[in-house]
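Enquirer: Start counting the sequence shown at 1; every next residue gets the next number (my numbering).
Even glycine gets a Cβ: it sits at the ideal position worked out from N, Cα and C.
This is the structure I have questions about; it appears just below.
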Amino acid sequence: MKSRWTAPTAEFGGDALAECVYGSRVLGSHPDLVLHGGGNSSIKDRARDITGASREIIYVKGSGWDMATIAPGGFAPMRLERLRELLGLDQISDPQMVNELRCALVDASAPDPSIESLLHALLPHRAVLHSHADAVVTLSNQLEPAAHVRELYGDSVVVVSYVMPGFDLARTCARLWPEHAHAGTVGMVLLNHGLFTFGETMEVAYARHLELITAAEEYIAERRLRAPVTPSSPVEVEEGDPTALASFRNDVSRAAGRPMIVSRYTSPRVAQFLGRRDVEQVLSRGPATPDHVIRTKCLPLLGTNVQAYADAYEAYYERNRKNRGDVEMLDPAPRVVLGPPGLRTVGKTAKDADAVRDIALHTLDIIEAGEAIGSYTALPEGDLFDVEYWELEQAKLRLGGPPPPLSGQVALVTGAASGIGLACARHLARLGASIIAVDISDKVCTASDGPGWLGLQADLTDRAALQEALGQGVDRFGGLDIVVVAAGVFAESAPIPEVDERIWDRTLAVNVDSVLALFGQVHSLLRLSPTRARVVLIGSKNVAAPGPGAAAYSASKAAVTQLARVAAIEWAPDGIRVNVVHPDAVFDTGLWTAELLSERASRYGITVEEYKRRNLLSAEVTSDDVAHMVGAMCTEPFAATTGAQVPVDGGNERVI
Ligand code: ZN
């Protein structure tokens, strides 16, 4: 493992917090060491408080911060002396400990300190790093958890048997430390959990971390070379079948009690793992580290029987609930699913599903390595249950507050590279939806970013391209709940005798025919939406109030509006609502250039400003106004409305 440390310690100029931020980020940049919130760090310092008294301070990583991106504000500064006093207690409950840690802060606005703070406080060294490194976890996830660790590290590390993180773990370490630590101690291995290293500087703590992990990796690699090869015939990973995936997402969402994102991932690596003869057996043993259970649950689902998985989960809950008092059962839906369609991961958002995918892929490696050096073994389910239902972990998940209204839902938006389509896509994303954004322009790929945005360049008049885009979208997010049709062309104006046949055909092909094709392809997916699906068509004022010279455009918008009305009738039995917005004079779109605007304004003998507000309310209508109406049509306010046509035009006498 190569060091990524480049800054000389002198560079920090004695700024302990800056040193700690740097060290944490460097450690966090190794995904094999720190994965999605795993791991933490601390540094001890001396500082004067407001009275001028000199105090020993410990900065510990705040709960909920990611090591890779942590900033100084992500650390919680506490009075070290107070933390060490707390270690003298025999017993303290989790909420009491959290309260005491907050009371030890020297900055009232600091985040909640890590639940492993007391463990950091007891170590005498100035700089401390902690990770859940794959290699260390592999060594100890064995029938005899300490055997490989002791063989490899001898007495250079203190070995601690598994204890649930929090006060009990800190107390256990406090008891073992004086007995086993000596001048040559460079680390502490928490079996089935992870690694601590320490030193006078972050650089030393980091170097020791890499040293111990590299040794573990070499130890594992050597034994893997000698281990008999487990028979495997890679399974043929199936092509994605959008309807089957959407149906599966429906099952998962029903079990979860809310719409969930289901993301499919395939690779030769996954196919090879699935082809192991003992695949069922090794996958039934549990997660690599207990803190994964809050994201992945204890076990993956092999196959597609969600109901059987949920029943087994309920039985697990019933077997273990007495351990943790009166805890309510969490949703019993699986988070990791393996089978012929590859790996599917489940989350409330695409970001969550991606985190589960990363953890699952690391877990497959850890299982394989563990099997090669011995027998991969996870903790007993009682220990896993304790972490899954630990109120401090549940509090971490609740940190973000209630989910936005479209959380877990998937929206397809056409014409999403610019104008009204882009505004709709962004607004639905703000409401929590994951977006399949389609446009003929490749700008759609970069019009937004983040795990909840899939930009796809496709010509909607090409049925095969449309099908391909839908397949990719469903692979990425699992299904479809919302369709917003915003793609459209506006032909150059011409009086009827001069309408060019090709322009007429093109206008109808894009504005009408492609929508018929789209509706034809999405219906089977929308029917499988775990929520009641919604379609919103961006129409035009021209439907109710056509103008001269816009025959092709007006006729196409009238036709497609009628198509949407028929869809509203045909799809109502499936619970799918279809509504139409009719915008007018939205000038912040690609169609309108400054020249075109001034040309139009001068035609009416008014200024551009007046032209933009030529409506009853004298309102300037923007793409965002249209997007907000689309958002309303996709949420509660329109829950009992289908087949509606709502103008967003500032008021027009001819429409009213
Ligand atoms: Zn840990």
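#1: Taking a contact to mean a Cβ-Cβ separation below 8 Å, would you say HIS292 touches GLY199 in this structure?
#2: Using 7 Å as the cut-off, classify the Cβ of GLY415 as near or not near the heavy atoms of the ligand ZN, replying yes or no.
#3: So, using beta-carbon positions, are ASP358 and LEU35 closer together than 8 Å?
#4: Name the two residues that bound the continuous beta strand (DSSP E) containing LEU638.
#5: Does the beta-carbon distance from VAL306 to ASP241 come in below 8 Å?
#6: How would you write the range of the alpha helix (DSSP H) that ASP134 sits in, first residue to last?
#7: Spatial neighbours of ARG654 within its chain, please: C-beta separation below 8 Å, excluding the five flanking residues on both sides.
#8: Nearest by alpha-carbon distance to ARG613: which of TRP592, PHE587, HIS628 is it?
#9: Just list the residues that DSSP pairs HIS130 with in beta bridges.
#10: Let me confirm a value: ILE213 is counted as buried when at least 16 other C-beta atoms fall within 10 Å, else exposed. Which label applies?
#11: How many whole angstroms separate the CB atoms of ALA437 and VAL413, which I take to be in contact at a CB cut-off of 8 Å?
#12: Is ALA108 buried or exposed, if buried means 16 or more other CB atoms sit within 10 Å of its CB?
#13: Would you check whether the ligand ZN has a heavy atom nearer than 7 Å to the C-beta of HIS36?
#14: Do the CB positions of ALA585 and ASN542 come within less than 8 Å of each other?
#15: In chain order, what are the residue ranges of uninterrupted alpha helix (DSSP H) at least 4 long that sit wholly in the segment 524-573?
#16: Alpha carbon to alpha carbon, what distance is there between THR589 and ARG79?
#17: Between the Cα of ALA288 and the Cα atoms of THR197, TYR265, PRO380, which residue gives the shortest distance?
#18: Does the beta-carbon of GLU388, which I'm using as the reference point, lie nearer than 7 Å to any heavy atom of the ligand ZN?
#19: Select from PHE477, GLU468, ARG534, THR561 the residue whose C-alpha is nearest the C-alpha of LEU508.
#20: Can you give me the Cβ contacts of MET633 inside the same chain, cut-off strictly under 6 Å, excluding the 5 residues immediately before and after it?
#21: To the nearest whole angstrom, what separates the beta carbons of ALA76 and PRO113, a pair I think is in contact under 8 Å?
#22: Would you call the segment 155-170 and the segment 179-189 in contact, with 3 or more CB pairs under 8 Å?
#23: First and last residue of the alpha helix (DSSP H) that includes TYR265?
#24: Can you give me the C-alpha to C-alpha distance between GLY452 and ASN40, rounded to a whole angstrom?
#25: Just the Cα atoms here: how many angstroms apart are GLU239 and PRO341?
#26: Hey, is GLY64 close to the ligand ZN, as in C-beta under 7 Å from one of its heavy atoms?
#27: Would you tell me roughly how many angstroms separate the C-alpha atoms of ALA567 and VAL522, rounded to the nearest one?
#28: Should MET202 and GLY14 be called a contact, given that it needs their Cβ atoms to be closer than 8 Å?
#29: Taking the alpha carbon of SER42 as the reference point, which residue from GLY64, ALA16, HIS30 has its own alpha carbon closest?
#30: Hey, quick one: how far does the beta strand (DSSP E) through GLY339 stretch, first residue to last?
#31: From ARG82, GLY52, GLY38, pick the residue whose C-alpha is nearest to that of SER63; which is it?
#32: For THR69, tell me which candidate among ARG48, SER29, SER418, GLU636 has the shortest Cα-Cα distance.
#33: Relative to the ligand ZN, is the shortest distance from any of its heavy atoms to the C-beta of PRO287 smaller than 7 Å?
#34: Start and end of the beta strand (DSSP E) containing PHE75?
#35: Run the proximity test for GLU19: is its beta-carbon closer than 7 Å to any non-hydrogen atom belonging to the ligand ZN?
#36: What are the partner residues of TRP453, as DSSP defines its beta bridges?
Expert: So, to answer that:
#1: Position 292 of the sequence shown, counted from the start, is the residue given in the question as residue 292. Position 199 of the sequence shown, counted from the start, is the residue given in the question as residue 199. No, the Cβ-Cβ distance between HIS292 and GLY199 is not below 8 Å.
#2: As a working note, residue 415 is residue 415 in the sequence shown. For the ligand ZN, not one heavy atom lies less than 7 Å from the Cβ of GLY415.
#3: Residue 358 sits at position 358 when you count from the first residue of the sequence shown. Residue 35 sits at position 35 when you count from the first residue of the sequence shown. Going by C-beta atoms, ASP358 is nearer than 8 Å to LEU35.
#4: Taking the sequence shown and counting its residues from 1, one reaches residue 638 at position 638. The question names Leu, but residue 638 in the sequence shown is Phe. For PHE638, no beta strand (DSSP E) encloses it, and the DSSP letter there is neither H nor E.
#5: Sequence index remark: in the sequence shown, residue 306 carries index 306 (1-based). Sequence index remark: in the sequence shown, residue 241 carries index 241 (1-based). Cβ atoms of VAL306 and ASP241: not closer than 8 Å.
#6: By one-based count along the sequence shown, residue 134 stands at place 134. Start and end: 134-140.
#7: To locate residue 654, count along the sequence shown from 1; it is residue 654. Residues ALA544, ALA545 of the same chain have their beta carbon placed closer than 8 Å to that of ARG654, with the five preceding and five following residues left out of the count.
#8: Along the sequence shown, read from residue 1 onward, the residue named residue 613 stands at position 613. The candidate whose alpha carbon is nearest that of ARG613 is PHE587.
#9: The sequence position of residue 130 within the sequence shown is 130, counting from 1. ASN40, PHE196.
#10: Locating residue 213 in the sequence shown gives position 213, where the first residue counts as 1. By the C-beta density criterion, ILE213 is buried, having at least 16 other C-beta atoms within 10 angstroms.
#11: Along the sequence shown, one-based indexing puts residue 437 at 437. Along the sequence shown, one-based indexing puts residue 413 at 413. Taking the Cβ atoms as the reference, ALA437 lies roughly 5 Å from VAL413, within the contact range of under 8 Å.
#12: As a working mapping, residue 108 is identified with position 108 in the sequence shown. The residue in question, ALA108, is exposed, as its Cβ has fewer than 16 Cβ neighbours within 10 Å.
#13: Locating residue 36 in the sequence shown gives position 36, counting from the first residue. Checking the Cβ of HIS36 against the ligand ZN gives no.
#14: Counted from its first residue, the sequence shown places residue 585 at position 585. Counted from its first residue, the sequence shown places residue 542 at position 542. No. Outside cutoff.
#15: List check, alpha helix (DSSP H) in window: 551-571.
#16: Residue numbering aside, residue 79 sits at position 79 when the sequence shown is read from its first letter. Residue numbering aside, residue 589 sits at position 589 when the sequence shown is read from its first letter. Within the model, the alpha-carbon separation for ARG79 versus THR589 is close to 57 Å.
#17: The residue you call residue 288 lines up with position 288 of the sequence shown. Scanning THR197, TYR265, PRO380 for the CA closest to the CA of ALA288 turns up PRO380.
#18: Reading the sequence shown from its first residue, position 388 is the one you call residue 388. Not under cutoff, so the answer is no.
#19: Position 508 of the sequence shown holds residue 508. When each option's Cα is compared against that of LEU508, the closest is THR561.
#20: The count along the sequence shown starts at 1 and reaches residue 633 at position 633. Result list for MET633: VAL536, ASN579, in chain order.
#21: Translated into the one-based positions of the sequence shown, residue 76 becomes position 76. Translated into the one-based positions of the sequence shown, residue 113 becomes position 113. Taking C-beta atoms under 8 Å as the contact rule, ALA76 and PRO113 qualify, at a distance of about 4 Å.
#22: Three or more pairs of CB atoms, one per stretch, sit closer than 8 Å, so the segment 155-170 contacts the segment 179-189.
#23: As a first step, residue 265 must be located in the sequence shown, where it is residue number 265. Segment 261-265 is the beta strand (DSSP E) holding TYR265; no alpha helix (DSSP H) there.
#24: Position 452 of the sequence shown, counted from the start, is the residue given in the question as residue 452. Position 40 of the sequence shown, counted from the start, is the residue given in the question as residue 40. So the two alpha carbons sit approximately 27 Å from each other.
#25: As a first step, residue 239 is located in the sequence shown; it is residue number 239 there, counting from the start. As a first step, residue 341 is located in the sequence shown; it is residue number 341 there, counting from the start. So the alpha carbons of these two residues sit roughly 7 Å apart.
#26: Position 64 of the sequence shown holds residue 64. In this structure, GLY64 has its beta carbon at no less than 7 Å from each heavy atom of the ligand ZN.
#27: Here residue 567 corresponds to residue number 567 of the sequence shown, with the count starting at 1. Here residue 522 corresponds to residue number 522 of the sequence shown, with the count starting at 1. If you take the alpha carbons of ALA567 and VAL522, they lie about 12 Å apart.
#28: Taking the sequence shown and counting its residues from 1, the one referred to as residue 202 is at position 202. Taking the sequence shown and counting its residues from 1, the one referred to as residue 14 is at position 14. No; because the gap between Cβ atoms is not below 8 Å, this pair is not in contact.
#29: Start at 1 with the first residue of the sequence shown, and residue 42 comes out as number 42. Looking at the Cα atoms, ALA16 is the closest of the given residues.
#30: To locate residue 339, count along the sequence shown from 1; it is residue 339. Its beta strand (DSSP E) spans residues 336-339.
#31: For this step, residue 63 is matched to residue 63 along the sequence shown. Taking only the C-alpha atoms, the option nearest SER63 is GLY38.
#32: Looking up residue 69 in the sequence shown gives position 69. The shortest Cα separation from THR69 among ARG48, SER29, SER418, GLU636 belongs to SER29.
#33: Taking the first residue of the sequence shown as position 1, residue 287 is located at position 287. Checking every heavy atom of the ligand ZN against the Cβ of PRO287, none is found closer than 7 Å.
#34: Taking the first residue of the sequence shown as position 1, residue 75 is located at position 75. Segment 75-79, the beta strand (DSSP E) holding PHE75.
#35: Within the sequence shown, residue 19 is the residue found at index 19, counting from 1. No - the ligand ZN has no heavy atom lying nearer than 7 Å to the Cβ of GLU19.
#36: Taking the sequence shown and counting its residues from 1, one reaches residue 453 at position 453. Beta-bridge partners assigned by DSSP to TRP453: ILE435.
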